[in-house]
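Take a look at the structure below.
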């Protein structure tokens with residue numbers, strides 16, 4: 577059937593459907609473009625909230641690690657290769673990648689039109705993303721030494737206080753390796769939720 581022989585009502589309905597669903601023919605480019613695409617495509621408000629919070633957190637982490645890396649490179653300018661630099665970059669990627677992971681997973685699923693329970697999948701990844709952000713905070717608290725150098729001065733970590741004092745005290749008592757273990761578990765949760773719904 578040609579365009580001329582197609583009923584006018586059918587053609588108008590098709591054009592209206594395309595106009596009502598612009599994401600049908602619209603994709604995204606790169607990591608930055610995945611955030612607005614996933615936000616528009618998802619029907620889960622929980623995930624949409626994480627797309628906003630996770631995007632802001634990822635941007636803040638990227639800026640923080642970039643500034644710290646510049647300072648570190650200035651302090652180790654004489655070294656052509658520094659293990660500390662390489663480790664610092666690795667830690668930065670390990671913090672940012674799981675933060676943007678839920679958004680990238682959801683964006684790819686909607687772009688490909690994968691047969692998954694969309695709203696449940698999106699919501700579960702939103703929860704996993706929030707848990708990972710919490711694990712980052714807990715990891716930082718657990719890894720904080722009793723005293724550390726700040727601008728050439730020795731500073732003591734703040735003592736536990738308030739309603740969360742028992743939890744903070746517990747984190748302080750953990751070995752410093754917990755600062756890596758806790759976020760690693762949070763990142764594993766993001767991947768695990770994705771695979772659970774894809775299986």
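In this note's numbering, the protein residues as written are 577 to 775.
Think of the CB as a built atom: it goes at the ideal place given N, C-alpha and C, for glycine as much as any other residue.
Please read all numbers here as calculations on a predicted model, not as lab measurements.
Alpha-carbon to alpha-carbon, residue j and residue i
i	j	result
residue 633	residue 619	22 Å
residue 623	residue 682	9 Å
residue 769	residue 721	33 Å
residue 612	residue 730	44 Å
residue 628	residue 711	18 Å
residue 757	residue 766	15 Å
residue 645	residue 719	19 Å
residue 738	residue 732	18 Å
residue 610	residue 775	23 Å
residue 597	residue 603	Confidence is the limiting factor: at residue 597 the pLDDT is only 48, short of 50, which leaves the residue's position unreliable, though a coordinate-based value still follows. Between residue 597 and residue 603, the C-alpha separation is close to 12 Å.
residue 772	residue 728	48 Å
residue 736	residue 742	7 Å
residue 702	residue 716	22 Å
residue 695	residue 734	41 Å
residue 605	residue 689	17 Å
residue 647	residue 751	27 Å
residue 687	residue 621	19 Å
Exposure label - residue i; buried when at least 16 CB within 10 Å
i	result
residue 745	exposed
residue 698	buried
residue 675	buried
residue 753	exposed
residue 626	buried
residue 585	Reliability of the predicted coordinates at residue 585 is poor, the pLDDT of 48 falling under 50, and the value obtained from them is presented with this limitation in mind. Counting Cβ neighbours within 10 Å, residue 585 comes out exposed, since fewer than 16 surround it.
residue 679	buried
residue 669	exposed
residue 763	buried
residue 691	exposed
residue 677	buried
residue 708	buried
residue 700	buried
residue 747	buried
residue 759	buried
residue 601	At residue 601 the pLDDT is 45, less than 50, meaning the model places this residue with poor confidence; the figure from the coordinates comes in the next sentence. Classification for residue 601: exposed.
Bridge partners - residue i, DSSP secondary structure assignment
i	result
residue 639	Bridge partners of residue 639: none, in fact.
residue 647	Per DSSP, none; premise fails for residue 647.
residue 732	723
Residue i versus the options, residue with shortest Cα-Cα distance
i	options	result
residue 649	662, 737 and 677	662
residue 635	607, 625 and 646	607
residue 749	714, 616 and 773	714
residue 643	665, 630 and 705	665
residue 617	639, 685 and 640	685
residue 761	743, 671 and 735	671
residue 705	630, 690, 621 and 615	630
residue 638	605, 695 and 673	673
residue 755	667, 696 and 640	667
Chain B contact for residue i (CB, 7 Å cutoff)
i	result
residue 771	Among the chains of the structure shown, chain B does not appear; only one protein chain is present.
Exercise for review: Quick one: which unbroken alpha helix (DSSP H) runs of 4-plus residues sit fully inside the segment 674-730? Chain order, please.
Suggested key: 694-719
Exercise for review: Entirely within the segment 742-774 and at least 4 residues each: give me those alpha helix (DSSP H) ranges in chain order.
Suggested key: 754-774
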